[in-house]
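Student:
In the numbering used here, the protein residues as written are 568 to 1057.
(1) Grab me the residues of residue 973's own chain with a C-beta within less than 7 Å of its C-beta, minus the 5 sequence neighbours each way, in chain order.
(2) Across which residues does DSSP place residue 806 in a beta bridge pair?
(3) Starting from residue 742, trace the alpha helix (DSSP H) both ways and give me its first and last residue.
(4) What would DSSP say about residue 870, mapped onto helix, strand or coil?
(5) From residue 812 to residue 879, what does the alpha carbon distance come to, in whole angstroms?
(6) What ranges does the beta strand (DSSP E) occupy inside the stretch 840 to 923, keeping only unbroken runs of at least 3 residues that lie completely in it?
(7) Look at the alpha carbon of residue 632 and the alpha carbon of residue 621, and state the distance between them as a whole number of angstroms.
(8) Kindly indicate which residue of 592, 604, 697, 619 has the alpha-carbon position closest to the one of residue 1028.
(9) Between 712, 585, 807, which has its C-alpha nearest residue 730's C-alpha?
(10) What is the rounded straight-line gap between the Cα of residue 768 and the Cα of residue 900?
(11) In whole angstroms, what separates the C-alpha of residue 751 from that of residue 1039?
(12) Can you tell me which of 705, 674, 1021, 602 puts its alpha carbon nearest to the alpha carbon of residue 1049?
(13) Given that a residue counts as buried once 16 or more other Cβ atoms are within 10 Å of its Cβ, and exposed if not, what is residue 909?
(14) Counting only runs that start and end within the stretch 741 to 815, where is the beta strand (DSSP E) found for 3 or more residues in a row?
(15) Could you give the DSSP three-state label for residue 928: helix, strand or coil?
(16) Have a look at residue 778 and residue 889 and give me their C-alpha separation to the nearest angstrom.
(17) I'd like to confirm the pairing. Which residues does DSSP put opposite residue 826 in its beta bridges?
(18) Just curious, the beta strand (DSSP E) that residue 623 is in, first and last residue?
(19) Using CA coordinates, which residue listed in 957, 781, 634, 789 is at the minimum distance from residue 671?
(20) Taking the C-alpha atoms as reference points, what is the distance between residue 565 and residue 1034?
(21) May I ask which residues mark the beginning and end of the beta strand (DSSP E) holding residue 693?
(22) By DSSP, does residue 945 sit in helix, in strand, or in coil?
(23) Would you mind reading off the limits of the beta strand (DSSP E) that contains residue 1006?
(24) With a cut-off of 8 Å on the beta carbons, I'd call residue 823 and residue 809 a contact; round off their distance for me.
(25) On a Cα-Cα basis, can you pick out the residue from 1006, 628, 827 that is closest to residue 903?
(26) Locate the beta strand (DSSP E) running through residue 1013, then write down its first and last residues.
(27) Whose C-alpha, out of 625, 771, 1051, 696, is nearest the C-alpha of residue 759?
(28) Identify whether residue 647 lies in helix, strand or coil by the three-state DSSP scheme.
(29) So residue 596 is in the alpha helix (DSSP H); what residue range does that whole segment cover?
(30) Counting only the same chain and skipping the five closest in sequence on each side, list residues whose C-beta sits under 7 Å from that of residue 804.
(31) Excluding the 5 residues preceding and the 5 following residue 1025 in the sequence, name in chain order all residues of the same chain whose CB lies nearer than 6 Å to its CB.
(32) Taking the CB atoms as reference points, tell me whether residue 611 and residue 1008 lie closer together than 8 Å.
(33) Nearest to residue 576 by alpha carbon, out of 614, 707, 787?
(34) DSSP on residue 584, reduced to helix/strand/coil?
(35) Return the chain-ordered list of same chain residues with a C-beta closer than 8 Å to the C-beta of residue 727, the five sequence neighbours on each side being excluded.
(36) As a quick exercise: from 699, 783, 587, pick the residue whose alpha carbon is nearest that of residue 628.
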């Protein structure tokens, strides 16, 4: 079935509290999607953000972001009083997320709510803790220790606890019992609110597309508590880290710094950790986009300590075997393979074996008629056509910054005579394409300029800040999108 999708993270929802939340405005956005007859809502990873505020660098692959917990819902449960959160300053301007202010205030408010939380009033709390015991206990301890250590990375803690030695772990569980309870409470509340929001979306015929990064962060509970998963030495230091080799866009490559998986170890376990991760993501979302999917075929390794990605080598990954075993255990998987970047014949073979839809990004297509990202070159319907991803410019920003040669070809291809008509023509081209699903960022329906860009890869600061306002989601805009969906049978 042909579908359309709007890409907008939870953080970008309207909010009086500095960042989008899973409360009233989220449900109103679902209503907007219904009115616009849009079938899918794509978000970014829901995990807690760490240094740099990126949802792709998280303290845990399983936990939910505390910033998204809605205070009004907690008030309705008798855990907060309005003035305890509404009287605080949450933003310096209403068009950008200020993560510093939110960090300084959010946990204070949640601690007030926890002080009133009585598990006996919430019988589902015990079930939640039991169901998620395999990751929740370690995560709550990890966060309690991080708080006790002033936010420092685990590898800067005292040696015994940094090395996860059993005696030190047992002692920490006793010492930080209250804080461990607090971080479990946060995850319980996140899960409750997310499940309600997802249920509302699904009941209205809307699928949630979620996103999982291929790699874990170095400062994560996984790296701290499960070092066997990674290419670490005996001192729990990475032997090598992840990134991308140099190319035309990045002469020194991209140094991501994430620890790499020890795929030999994973193979011995039947890829149990990865299969559990895919299972959890498939329960959290209706469709799972896996970032940097080509990294399963082969991955680029950079020696730990290098300052850039100019020196490195490709090593073989688990390839199709991981997904064959995952589907044997979990059944057919609803996955989008992020197949952008350096795609070799071997990667193409893996993608074809998996059968998952890949991605086309129209913004990448206008350097010539041979580009695979232009609709006339789509091989089949088994793909998602994006006008741009969260890593791209908004369409307006792209038009303003692109070369004259690129824009000349774009006008010819899209059959428009004015530069200002290009953004909407790109949206139309994606919607008109044979792709199973057409996707545009919310920014492109709001005519946002370059200041609405969500992320500029390989940069720190000024990213992940885009926010919408309640007044953006007008009946007129819903009607415009609805007409587009009907015109192209989406």
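From the three backbone atoms N, C-alpha and C, an ideal C-beta is built for every residue, glycine too.
Tutor: To lay it out plainly:
(1) Taking the first residue of the chain shown as position 1, residue 973 is located at position 406. Same-chain partners within the cutoff: 933, 934.
(2) To locate residue 806, count along the chain shown from 1; it is residue 239. Answer is none; residue 806 lacks a bridge partner.
(3) Indexing the chain shown from 1 puts residue 742 at position 175. Looking at the DSSP string, the run of the alpha helix (DSSP H) that includes residue 742 is 733 to 742.
(4) In the chain shown, residue 870 corresponds to position 303, counting from 1. Three-state DSSP puts residue 870 in a strand.
(5) Taking the chain shown and counting its residues from 1, one reaches residue 812 at position 245. Taking the chain shown and counting its residues from 1, one reaches residue 879 at position 312. Roughly 7 Å separates the two Cα atoms.
(6) 854 to 857, 865 to 870, 880 to 883, 902 to 904
(7) As a first step, residue 632 is located in the chain shown; it is residue number 65 there, counting from the start. As a first step, residue 621 is located in the chain shown; it is residue number 54 there, counting from the start. Rounded to whole angstroms, residue 632 to residue 621 spans 11 Å at the Cα level.
(8) Here residue 1028 refers to the residue found at position 461 of the chain shown. Answer by Cα proximity: 619.
(9) Taking the first residue of the chain shown as 1, we reach residue 730 at position 163. Of the candidates 712, 585, 807, the one whose C-alpha sits nearest the C-alpha of residue 730 is 712.
(10) Residue 768 sits at position 201 when you count from the first residue of the chain shown. Residue 900 sits at position 333 when you count from the first residue of the chain shown. Approximately 20 Å between the Cα atoms of the pair.
(11) Here residue 751 corresponds to residue number 184 of the chain shown, with the count starting at 1. Here residue 1039 corresponds to residue number 472 of the chain shown, with the count starting at 1. For residue 751 and residue 1039, the distance between alpha carbons rounds to 35 Å.
(12) Position 482 of the chain shown, counted from the first residue, corresponds to residue 1049. Ranking the options by Cα distance to residue 1049, first place goes to 602.
(13) Position 342 of the chain shown, counting from 1, holds the residue named residue 909. Exposed: under 16 other Cβ atoms inside 10 Å.
(14) 774 to 779, 807 to 811
(15) Mapped onto the chain shown, residue 928 falls at position 361. Of the three classes helix, strand and coil, the one that applies to residue 928 here is strand, per DSSP.
(16) Here residue 778 refers to the residue found at position 211 of the chain shown. Here residue 889 refers to the residue found at position 322 of the chain shown. Taking the straight line joining both Cα atoms gives about 18 Å.
(17) Translated into the one-based positions of the chain shown, residue 826 becomes position 259. Answer is 808, bridged to residue 826.
(18) The sequence position of residue 623 within the chain shown is 56, counting from 1. Taken as a continuous stretch (DSSP letters only), residue 623 belongs to no beta strand (DSSP E), as it is neither H nor E.
(19) By 1-based counting over the chain shown, the position of residue 671 is 104. If we check each option's Cα against that of residue 671, 634 comes out closest.
(20) No statement about residue 565 is possible, as the shown extent of the chain runs from 568 to 1057 and does not include it.
(21) Residue 693 sits at position 126 when you count from the first residue of the chain shown. Where residue 693 is concerned, there is no enclosing beta strand (DSSP E), although the alpha helix (DSSP H) it sits in stretches over 691 to 698.
(22) Here residue 945 corresponds to residue number 378 of the chain shown, with the count starting at 1. In this structure, residue 945 counts as coil in the three-state DSSP scheme.
(23) Numbered from 1 along the chain shown, position 439 holds the residue referred to as residue 1006. Where residue 1006 is concerned, the enclosing beta strand (DSSP E) stretches over 1004 to 1008.
(24) Along the chain shown, one-based indexing puts residue 823 at 256. Along the chain shown, one-based indexing puts residue 809 at 242. Going by Cβ atoms, the distance from residue 823 to residue 809 rounds to 5 Å, so yes, they are a contact pair.
(25) In the chain shown, residue 903 corresponds to position 336, counting from 1. Comparing Cα positions, the closest option is 1006.
(26) Within the chain shown, residue 1013 is the residue found at index 446, counting from 1. That residue, residue 1013, is in no beta strand (DSSP E); it is neither H nor E in DSSP.
(27) The count along the chain shown starts at 1 and reaches residue 759 at position 192. For the residues 625, 771, 1051, 696, the minimum Cα distance to residue 759 belongs to 696.
(28) By one-based count along the chain shown, residue 647 stands at place 80. It is coil, neither helix nor strand.
(29) Here residue 596 refers to the residue found at position 29 when the chain shown is read from its first residue. From DSSP, the alpha helix (DSSP H) with residue 596 extends over 591 to 602.
(30) Stepping through the chain shown from its first residue, residue 804 is reached at position 237. Once the five neighbours on either side are set aside, the close Cβ partners of residue 804 are 871.
(31) Locating residue 1025 in the chain shown gives position 458, where the first residue counts as 1. Only 821 meet the Cβ criterion.
(32) As a first step, residue 611 is located in the chain shown; it is residue number 44 there, counting from the start. As a first step, residue 1008 is located in the chain shown; it is residue number 441 there, counting from the start. Their beta carbons are not under 8 Å apart, which means residue 611 does not touch residue 1008 by this criterion.
(33) The residue you call residue 576 lines up with position 9 of the chain shown. Here the closest residue by C-alpha is 614.
(34) Taking the chain shown and counting its residues from 1, one reaches residue 584 at position 17. Three-state result, residue 584: coil.
(35) In the chain shown, residue 727 corresponds to position 160, counting from 1. Cβ within range, chain order: 734, 735.
(36) In the chain shown, residue 628 corresponds to position 61, counting from 1. For the residues 699, 783, 587, the minimum Cα distance to residue 628 belongs to 783.
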